[in-house]
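>
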DNA sequence: TCGTTGGCAATGCGATCGCATCGTAAAAGC
DNA sequence: GCTTTTACGATGCGATCGCATTGCCAACGA
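Protein chains in written order, with my numbering: chain A, 32 to 245; chain B, 32 to 245.
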């Protein structure tokens, strides 16, 4: 059914990566819905609508299955942010990129929420499994770097206060986006509230609107 | 052994609350170490060094045991913050209270870390169990209120920019403290780094140090 | 055409799960 | 002193766990 037509370089067998991604998607749904406790081989098979033997065929151990799950989660948010960035005009400024990425995190879209909740469910594993830790937290540096760059640019443009520490401000911006994203995903606050707070902060730090430069 | 001497108003039986708190402590240790997946009746009994029958005697169901666990977690942080506040001089300012509370959250003390990690482990349950949700997130409003009060006070004192929105700034302060506390507890950053960022932010918003008022 | 391989489904294993039940020893009340 | 209640420890139940094994079937190479 799924491989009745194909154009890949390996036509003789099914698309292994696609199968694994399908199962990893089921892992994410379960993890987001009720935590990693609910993720068993049988539950994943049932969620994906396949047999348990299939799950075992594509993942040698449960640990490997969970690792593919968290990797898919990160690919999903990257993809969603990437899609949003393609809606921006070419050569968009770093600030536009930053605001677009944060808007996606706080957007309260079901898939974004699912990925965030699933990620949080993996936090405990990150303490035990170094690979999970790396997948979950490894990309933080570049995000902070982007935010710091935006602050520096705003300073160079004379919009932001030159007394600001770009590194600290970048760290604050992403920590804030992180915290608000989790709050939205877990229903502690609304998307509108979170976005309003985030925009308020960015506007103040980056000096948008009626704000006299130094 | 445990009730050879007592002074309570009910001398005829053991201290039920103390027993439950002892078991709930074992729940927290397990949850903080490897998530709620690792919390089973048998594991809790083993962690507490008692029989499984004892655990069942004090908690009718696993759900009830978990609920006592998260309640103990919240009482623990409240107690730790309370202890820290007692080290402050009498009639300490709201700002001193705020800074002390945040310092405790970012202090990287083992017990604080344990409580934070355990709390995060409960996030998934909060979506299913309304009681857990309330225990975990119910106190957010008053914390935000304290932070907002501090901002308003700083504005009244002429230290903080009167253009600031106290409610938004209070929300930002606590979201930031929340995020940084989790990062410290899960080893994403160091206590020193988090505290430096938090103090940097508070000093800027509240206008401490060499900062000209409006 | 035939043997080999990949892609599964099915089944079974020992361990562990939450929970219920039973037994018992000590204390409390009459 | 005798009954009742409290505070457990011990054991067992059916379900589920991760994982290993087995078997079948379609697709491919020779």
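The C-beta atom is built at its ideal place from N, Cα and C for all residues, glycine as well.
Bear in mind the structure is a predicted one, so any value in this text is a computation, not a measurement.
By Cβ distance, which residues of its chain are closer than 6 Å to residue 97/A, with the 5 residues on each side in sequence left out?
For residue 97/A, where only same-chain residues beyond five positions count, there are no Cβ hits under 6 Å.
> Below 8 Å CB to CB, which residues in the same chain sit around residue 140/B once its five sequence neighbours on both sides are set aside?
Correct list, in chain order: 111.
> Of the residues 236/A, 70/A, 230/A and 192/A, which one's Cα is nearest the Cα of residue 100/A?
For residue 100/A, the nearest C-alpha among the options comes from 70/A.
> Return no unless some Cβ of chain A is closer than 9 Å to the Cβ of residue 231/B.
Taking Cβ atoms only, chain A reaches closer than 9 Å to residue 231/B, which makes this a yes.
> Would you mind reading off the limits of the alpha helix (DSSP H) that contains residue 81/A?
Here residue 81/A belongs to no alpha helix (DSSP H), and DSSP marks it neither H nor E.
> Which one of 79/A, 130/A, 216/A and 64/A has the shortest CA to CA distance from residue 182/A?
Nearest of 79/A, 130/A, 216/A and 64/A to residue 182/A, Cα basis: 130/A.
> With 9 Å as the limit, tell me which residues of the segment 52 to 76 of chain B have their beta carbon closer than that to any beta carbon of chain A; keep them in chain order.
Those residues of the segment 52 to 76 of chain B that come within reach of chain A (Cβ to Cβ, closer than 9 Å) are 62, 63, 64, 65, 66, 67, 68, 69 and 70.
> Count the other C-beta atoms from every protein chain shown that fall within 10 angstroms of the C-beta of residue 119/B, then say buried if there are 16 or more, exposed otherwise.
Exposed, since its Cβ has fewer than 16 Cβ neighbours within 10 Å.
> Among 102/B, 134/B and 52/B, which residue has its Cα nearest to the Cα of residue 116/B?
With distances taken between Cα atoms, residue 116/B lies closest to 134/B.
> Taking buried to mean at least 16 other C-beta atoms within 10 Å of its own C-beta, is residue 151/A buried or exposed?
That one is buried.
> Relative to chain B, which residues along the segment 133 to 158 of chain A have a C-beta separation below 8 Å, given in chain order?
Answer set for the segment 133 to 158 of chain A: 148, 151, 152, 154, 155, 156, 157 and 158.
> Taking buried to mean at least 16 other C-beta atoms within 10 Å of its own C-beta, is residue 91/A buried or exposed?
By the neighbour-count rule (16 or more Cβ atoms within 10 Å), residue 91/A is not buried but exposed.
> Please list the segments of the alpha helix (DSSP H) lying wholly inside the segment 81 to 114 of chain A, counting only runs of 4 or more residues, in order along the chain.
The qualifying runs are 83 to 89.
> Could you round the C-beta distance between residue 179/B and residue 198/B to whole angstroms and report it? I think they count as a contact, below 8 Å.
About 5 Å separates the two Cβ atoms, so the contact holds.
> Would you give the residue range spanned by the alpha helix (DSSP H) that residue 232/A belongs to?
It spans 222 to 237 - the alpha helix (DSSP H) in which residue 232/A sits, taken as one unbroken run.
> With DSSP as the reference, label residue 63/B as helix, strand or coil.
If DSSP states are grouped into helix, strand and coil, residue 63/B belongs with the helices.
> Does DSSP classify residue 143/A as helix, strand or coil?
Note: residue 143/A maps to helix in three-state DSSP.
> Return no unless some Cβ of chain A is closer than 9 Å to the Cβ of residue 213/B.
Judged by the 9 Å Cβ criterion, residue 213/B is in contact with chain A.
> State the Cα-Cα distance for the pair residue 173/A and residue 205/A, rounded to the nearest angstrom.
Residue 173/A and residue 205/A: Cα-Cα distance of roughly 11 Å.
> So, is residue 232/B buried or exposed, given that buried needs 16 or more other C-beta atoms within 10 angstroms?
Buried is the call here.
> Between residue 79/B and residue 57/B, how many whole angstroms is the CB-CB distance? I'm expecting something under 8 Å.
Their Cβ separation, rounded to whole angstroms, is 4 Å, which keeps residue 79/B and residue 57/B in contact under 8 Å.
> Could you list which residues in chain A have their beta carbon closer than 7 Å to that of residue 184/B, in chain order?
Those do not exist, as residue 184/B stays about 19 Å from chain A at its closest Cβ, beyond 7 Å.
> DSSP state of residue 217/B, grouped into three classes?
Reduced to three states, the DSSP call for residue 217/B is coil.
> I believe residue 163/B touches residue 153/B by the beta-carbon criterion, under 8 Å. Please report the beta-carbon distance rounded to the nearest angstrom.
The Cβ separation is near 6 Å, so the contact holds.
> What are the residues in the segment 165 to 179 of chain B lying within 8 Å of chain A by C-beta distance?
Those residues of the segment 165 to 179 of chain B that come within reach of chain A (Cβ to Cβ, closer than 8 Å) are 168 and 171.
> Taking its Cβ as the centre, do 16 or more other Cβ atoms sit within 10 Å of residue 155/B, making it buried, or is it exposed?
Buried is the call here.
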